[in-house]
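**Student:** My questions will all concern the structure given below.
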Amino acid sequence: MSDNPLVSIGVPVFNGAKTLEKSLRAILDQEYKNIEVIISDNASTDATAQICQSLQARDHRIQYVRNKTNMGMANNFNAVVHRSQGKYFMWSAHDDYRDASFIAKCVKQLESNERAVICGSYVAFINEEGQKFDPRPYHYFRPQDMNSSDFIRSYLARYGCYEMIYGMFRLQNLKASMMIQEVFCPDYLMCFQLLLQGELELVEEELLYYKWNPKTVDHYAREVAQDDQAYEAMAAAPFSQLIGNFVKLVTESPRFSEVEKASEKEKMIQGMLEEASHIITPFIEEVKPYFPQTLLSPPLLYAFCEARYLQGKTIEEAVAATKASCGVSLADVREVYIWGAGMQGITVYSLCQRYRVNIVAYVDPLMPAGLTRHQLPVYSLTDFQALQEKPFVIVAEQVREAEQQLNQLGYKKFKDYYIQDSTKPFLFGC
1 MSDNPLVSIG VPVFNGAKTL EKSLRAILDQ EYKNIEVIIS DNASTDATAQ ICQSLQARDH
61 RIQYVRNKTN MGMANNFNAV VHRSQGKYFM WSAHDDYRDA SFIAKCVKQL ESNERAVICG
121 SYVAFINEEG QKFDPRPYHY FRPQDMNSSD FIRSYLARYG CYEMIYGMFR LQNLKASMMI
181 QEVFCPDYLM CFQLLLQGEL ELVEEELLYY KWNPKTVDHY AREVAQDDQA YEAMAAAPFS
241 QLIGNFVKLV TESPRFSEVE KASEKEKMIQ GMLEEASHII TPFIEEVKPY FPQTLLSPPL
301 LYAFCEARYL QGKTIEEAVA ATKASCGVSL ADVREVYIWG AGMQGITVYS LCQRYRVNIV
361 AYVDPLMPAG LTRHQLPVYS LTDFQALQEK PFVIVAEQVR EAEQQLNQLG YKKFKDYYIQ
421 DSTKPFLFGC
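1 is the number of the first residue of the sequence shown in UniProt numbering; add one for each residue after it.
Given below as structure tokens:
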């Protein structure tokens, strides 16, 4: 442990003249002084070179490298890592800014926890004018989430990793990671891989000012990919690629035994279907053409993901296996029941009517026997248990008791039941 370890700051930039000087000054003016700043100019055509050379002449901590040709975003991000010599490393975008205490506070927390591989801070999102705003609700992945048996589910349930990718890394671990590859959401994947190896620290203060600059998937793919082959693989089915890469990282991780890997990958797919709507919703759009005229119900989606990602089948093989196991419609293969005969159950019934899903009965352990809803019987738990064949159950009320009771009866989530949020105006969260 050192009192004053060297921190490397990598600044990959292309045509960043408008905001670059302000961003660099925020780094050079940090309270923590033992830093090196590596700027990799990706053949900019604006005033980026002049700004960097001017600052380099006045501060010996700056290394400025100009690429002869544009090597692509991923390679440029990695180039600054390879040139770094510090114990710790952080990327700094040309249009982001940091509080003067950012480096000092991150170093302090990483020095106090040798198991930590990343330290980030709270993020303030800023617009074109540099003003703070909230583009969307943002939920931080916290150190205590690392201790959960469902930490993978917790990681995937949140959108983005801003506090991590522009946080501080232990350079040794970063260099041994996948770093930034020419795939969809490489930062999201890299941070996940690192968290499979170590722990996370989080400074609970807004120390990073992140420029919010949303892009279309196609624009993003063009930026990340250097060649047409990488672009086409990414742009054709980006979220399918992302899910496959998450599964691959768990498969390759030394964190789990072979038995644990199978369980973690199954939980990962279930977690995505249940909570990661930012991944699953666009993924459904990618899958739809393979299942025309079909309601993409949770059993079907799970069966497809199981065949494609857990069993390693090709897309064509996975589609064939899914159709064989699920048929073209959920209701054609199994009877469908709604758990909960109150107002939420009635709302779900209306959704099922809209999607032409035939409901056979309700189940409600709290209702007296003999009731009906929409001329359908309301079964007690005893009557439900007595059924000869398992129906598929849409749980209309997200109560732990329903999950526990179904699990005890041998029902498996997504294969045999699904919890429907009755406040959403669409069925199965699709």
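Note that CB positions come from ideal geometry on N, CA and C, so glycine has one too.
Relative to the C-alpha of A318, which candidate in F151, G342, F291 has its C-alpha closest?
**Tutor:** That would be F291, whose Cα lies nearest to the Cα of A318.
**Student:** Using CA coordinates, which residue listed in K265, A230, K261 is at the minimum distance from I243?
**Tutor:** It is K265.
**Student:** DSSP state of Y411, grouped into three classes?
**Tutor:** Looking at Y411 - three-state DSSP - the assignment turns out to be coil, as it is neither helix nor strand.
**Student:** Going straight from the alpha carbon of D46 to that of K18, what length do you get?
**Tutor:** Near 9 angstroms, if we compare the C-alpha coordinates of K18 and D46.
**Student:** When burial is assigned at 16 or more other CB atoms within 10 Å of the CB, is G16 buried or exposed?
**Tutor:** So G16 counts as buried.
**Student:** Using the C-alpha atoms, what's the distance from Y309 back to V247?
**Tutor:** If you take the alpha carbons of V247 and Y309, they lie about 7 angstroms apart.
**Student:** Per DSSP, what kind of secondary structure is S8 in: helix, strand or coil?
**Tutor:** In this structure, S8 counts as strand in the three-state DSSP scheme.
**Student:** Report the rounded CA-to-CA distance for N4 versus L171, giving the unit in angstroms.
**Tutor:** If I take the Cα positions, the gap works out to 15 angstroms.
**Student:** Which one of P282, E285, D364, C119 has the shortest CA to CA distance from T382?
**Tutor:** Ranking P282, E285, D364, C119 by Cα distance to T382 puts D364 first.
**Student:** I'd like to know whether the C-beta atoms of G86 and S154 end up nearer to each other than 7 angstroms.
**Tutor:** The answer is no: Cβ separation not under 7 angstroms.
**Student:** Taking the CB atoms as reference points, tell me whether F239 and P282 lie closer together than 7 angstroms.
**Tutor:** Their beta carbons are under 7 angstroms apart, which means F239 touches P282 by this criterion.
**Student:** What is the C-beta distance between F414 and P298, in whole angstroms, given that I count them as a contact (C-beta under 8 angstroms)?
**Tutor:** The Cβ separation is near 4 angstroms, so the contact holds.
**Student:** With three or more C-beta pairs closer than 8 angstroms as the rule, is the stretch 32 to 41 touching the stretch 49 to 63?
**Tutor:** Contact holds: three or more Cβ-Cβ distances are below 8 angstroms.
**Student:** Taking all protein chains shown into account, do 16 or more other C-beta atoms lie within 10 angstroms of the C-beta of N358, making it buried, or fewer, making it exposed?
**Tutor:** When all chains shown are included, N358 counts as exposed.
**Student:** Determine the direct distance from the alpha carbon of Y166 to that of A93, and round the result to whole angstroms.
**Tutor:** Their backbone Cα atoms lie some 8 angstroms apart in a straight line.
**Student:** Evaluate L189 with the Cβ neighbour count: other Cβ atoms within 10 Å of its Cβ, from every protein chain shown; 16 or more gives buried, anything less gives exposed.
**Tutor:** Flag for L189 reads buried.
**Student:** Does F392 have its Cβ less than 7 angstroms from a Cβ in chain D?
**Tutor:** Within the model displayed, chain D is absent; a lone protein chain is all it includes.
**Student:** When the Cα of D218 is compared with those of G410, Q241, Y231, R373, which residue comes out closest?
**Tutor:** Among G410, Q241, Y231, R373, the Cα nearest to that of D218 is on Y231.
**Student:** When DSSP labels each residue in this structure, what does A233 get in the three-state scheme?
**Tutor:** DSSP places A233 in helix when its eight states are reduced to three.
**Student:** Tell me which residues share the same chain as V123 and place their Cβ nearer than 6 angstroms to its Cβ, disregarding the 5 neighbours each side in the sequence.
**Tutor:** If we look at V123 and ignore the five residues flanking it on each side, its Cβ neighbours are Y162, E163, L208, Y210.
**Student:** Between which two residues does the alpha helix (DSSP H) harbouring V183 extend?
**Tutor:** From DSSP, V183 is part of no alpha helix (DSSP H); its letter is neither H nor E.
**Student:** What span of residues does the beta strand (DSSP E) with K211 cover, start to end?
**Tutor:** Element bounds for K211: 199 to 211.
**Student:** Please give me, in chain order, every unbroken run of the alpha helix (DSSP H) with length at least 4 that falls completely inside the stretch 371 to 395.
**Tutor:** Those alpha helix (DSSP H) runs which fall completely within the stretch 371 to 395 and span 4+ residues are 381 to 385.
**Student:** Have a look at V81 and L6 and give me their C-alpha separation to the nearest angstrom.
**Tutor:** C-alpha separation (whole angstroms): 14 angstroms.
**Student:** For D96, I'd like the list of residues in its chain whose CB is within less than 8 angstroms of its CB, leaving aside the five on either flank, ordered along the chain.
**Tutor:** Contacts found: S23, Y166, L208, Y209, Y210, K211.
**Student:** Restricting to Cα atoms, I'd like to know which of Q311, E206, A320, V250 is closest to K132.
**Tutor:** Checked all of Q311, E206, A320, V250; the closest Cα to K132 is E206.
**Student:** Just verifying my parser: in three-state terms, what is the DSSP assignment at R354?
**Tutor:** Three-state DSSP puts R354 in a helix.
**Student:** Quick check: the Cα distance between I394 and N42, rounded to an integer number of angstroms?
**Tutor:** Answer to the nearest angstrom: the Cα atoms are 53 angstroms apart.
**Student:** Measuring only the C-alpha atoms, how far is K108 from D99?
**Tutor:** Cα to Cα, K108 sits roughly 15 angstroms from D99.
**Student:** Quick check on DSSP: helix, strand or coil for C119?
**Tutor:** Correct three-state label for C119: strand.
**Student:** How far does the alpha helix (DSSP H) with E36 in it reach, from first residue to last?
**Tutor:** Premise fails: E36 lies in the beta strand (DSSP E), 35 to 41, not in any alpha helix (DSSP H).
**Student:** Taking the C-alpha atoms as reference points, what is the distance between C119 and S112?
**Tutor:** Roughly 11 angstroms between the two C-alpha positions.
**Student:** Go through its chain and collect everything with a Cβ distance to residue 437's Cβ below 6 angstroms, but skip five positions before and after it.
**Tutor:** With the chain covering only 1 through 430, there is no way to say anything about residue 437.
**Student:** Pull up the distance between the alpha-carbon of E335 and that of Y418, whole angstroms please.
**Tutor:** About 14 angstroms.
**Student:** Could you pull out every residue in the same chain whose Cβ sits closer than 8 angstroms to the Cβ of E260, ignoring the five residues on either side in sequence?
**Tutor:** Excluding residues within five positions, none has a Cβ falling inside 8 angstroms.
**Student:** Is the Cβ-Cβ distance between A104 and E201 less than 7 angstroms?
**Tutor:** Contact flag unset, no.
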